[in-house]
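Numbering (UniProt numbering), first residue to last: 1 to 197.
Where is the CB? At the ideal position from N, CA and C, for every residue including glycine.
Everything numeric in this text was worked out from a predicted model, so none of it was measured.
The structure appears right after this line, and notes come after that.
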């Protein structure tokens with residue numbers, strides 16, 4: 001039993017199960033929101049920029065689950081690493097819940113909700129990219145070097161733009177940010193994560 005518990009692959013499987021539950025709930029939350037819109041299209045006016053962020057969030061969650069597979073090479077597991085990864089997963093669930101609310105009772109439309117809650121949405125998004133730094137460093141020097149100098153620029157760019165998004169209600173800024181975030185994230189995935197290893 002002790003040997004099995006000490007096996008890094010057994011430990012990673014255990015950690016990944018907990019993370020998977022949280023990420024699965026986040027994906028289910030987004031899909032429930034999309035289904036709600038399909039079932040009740042006239043309930044509240046949709047906002048295309050909001051829907052782009054829903055898509056970005058879906059893509060980020062799926063990508064997160066893919067890139068965390070790098071932790072399968074981790075040979076030394078501690079409660080601290082486990083706790084950090086669970087917190088990162090919970091932060092992503094919180095962001096998914098903020099991006100697609102359960103109810104719009106206090107808002108006239110998705111546009112109204114998006115701009116009213118933008119400080120929370122983009123504050124948490126900025127925090128996600130801050131938390132991604134230690135997540136990356138925990139995977140080791142080789143992994144960090146593989147990402148190259150683009151990685152810190154990418155994360156800092158998302159952090160700065162998220163802070164700007166918190167501060168402004170400018171519809172053009174938010175539209176450009178949403179489109180650019182999706183295009184860049186897709187490019188990042190294809191260029192650096194298409195094949196793990």
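query                                                                                                                          : result
Neighbour-count burial assignment, residue 2, 16 or more Cβ in a 10 Å radius                                                   : Residue confidence for residue 2 is low, a pLDDT of 43 falling below 50, so the modelled location carries little weight and cannot support an answer.
Cut-off 8 Å between Cβ atoms - residues of its own chain near residue 61, not counting five sequence neighbours on either side : 23, 26, 27, 30, 92, 96
Where residue 98 falls, given that 16 or more other Cβ within 10 Å makes a residue buried                                      : buried
Alpha-carbon to alpha-carbon, residue 121 and residue 129                                                                      : 13 Å
Cβ distance (whole Å) where residue 87 is taken to contact residue 15 below 8 Å                                                : Not quite, the Cβ-Cβ distance comes to about 12 Å (not below 8 Å), so this is no contact.
Paired residues, beta bridge with residue 116 - DSSP                                                                           : BP columns for residue 116 are empty, so no partner.
DSSP-derived helix/strand/coil call for residue 2                                                                              : Low per-residue confidence applies at residue 2: pLDDT is 43, beneath 50, and the placement is therefore not dependable, though the value from the model is reported in the following sentence. In this structure, residue 2 counts as helix in the three-state DSSP scheme.
Residue nearest to residue 100 in terms of C-alpha spacing, selected from 34, 173, 174, 178                                    : 34
Other residues of its chain near residue 182: CB distance less than 8 Å, five sequence neighbours each side excluded           : 52, 55, 56, 59
Proximity of residue 111 and residue 45 at Cβ, strictly below 8 Å                                                              : yes
Whole runs of the alpha helix (DSSP H) within the region 100 to 181, excluding any shorter than 4 residues                     : 110 to 116, 118 to 138, 141 to 147, 150 to 167
Through-space distance from residue 193 to residue 149, alpha-carbon basis                                                     : 16 Å
Complete alpha helix (DSSP H) runs within the region 39 to 74 (minimum length 4 residues, chain order)                         : 48 to 67
Alpha-carbon spacing of residue 68 relative to residue 37, whole angstroms                                                     : 31 Å
Residue 171 to residue 82 span [Cα, whole Å]                                                                                   : 39 Å
Simplified DSSP state of residue 14, which is helix, strand or coil                                                            : helix
Reduced DSSP category for residue 76 - H, G, I as helix; E, B as strand; rest coil                                             : coil
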